[in-house]
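Trainee:
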Amino acid sequence: MHQNTQQPMTSNKPYLLRALHEWIVDNGCTPYLYINTQANNLRLPAHLANENPLVLNSSPKACKDLQLTNTDISFQARFSGQVFTVHLPIDAIIAIVARENGQGMTFEWDESSADVDENNNSHSENNGDSGDKQEKLRKSGLKIVR
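Here the sequence shown stands for residues 2 to 147, numbered as in this note's numbering.
What follows is the structure, encoded as structure tokens:
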């Protein structure tokens, strides 16, 4: 047998985030980032720090100078009319989905650090999405925003 002497591979998460962001935008949809606000090294407007998970629109129309690197995501956006530079470590991203249809991907994260609303009775239409995907979002404290 061939011995594998390669170095361990780096995380594929930043690569998947970039690809999914581009795919969502190329298909005329709005990319929403779900963020664990309990993560370290976040730079967000203070009034958003208690929302967990936080959902941010990362479309080209909503943000300026979007940078998706292997370690973080940063961009400028307006919050209550004020320009703010947002900084999100890759580890803080828990999902990227298209607002219009819920297509995207969730990533592993520490559910215990999020405020999960067990009594969330909001319902969304199932536009051909698998029930498993929506159930995963519900269990992780996420809801599909349409």
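Yeah, the Cβ is synthetic: ideal placement off N, Cα and C, and Gly gets one too.
So, at 8 Å on beta carbons, what are the nonlocal neighbours of Gln68 in its own chain, with the 5 sequence-adjacent residues on each side left out?
Mentor: For Gln68, where only same-chain residues beyond five positions count, the Cβ hits under 8 Å are Ile74, Ser75, Phe76.
Trainee: Which of the three DSSP states, helix, strand or coil, is assigned to Lys14?
Mentor: Helix.
Trainee: In this structure, how does DSSP classify Glu119 when only helix, strand and coil are distinguished?
Mentor: Residue confidence for Glu119 is low, a pLDDT of 36 falling below 50, so the modelled location carries little weight and cannot support an answer.
Trainee: Name the residue from Glu23, Gln39, Tyr33 whose alpha carbon lies nearest to the alpha carbon of Thr107.
Mentor: The option with the nearest alpha carbon to Thr107 is Tyr33.
Trainee: What residue range does the beta strand (DSSP E) around Gln77 cover?
Mentor: Unbroken beta strand (DSSP E) run through Gln77: 73–80.
Trainee: Here's the rule I'm using: 16 or more other beta-carbon atoms within 10 Å means buried, otherwise exposed. How should Ala96 be labelled?
Mentor: Counting Cβ neighbours within 10 Å, Ala96 comes out buried, since at least 16 surround it.
Trainee: Within a Cβ cutoff of 8 Å, which residues of the same chain sit near Glu52, ignoring the five residues on either side of it in sequence?
Mentor: Once the five neighbours on either side are set aside, the close Cβ partners of Glu52 are Thr38.
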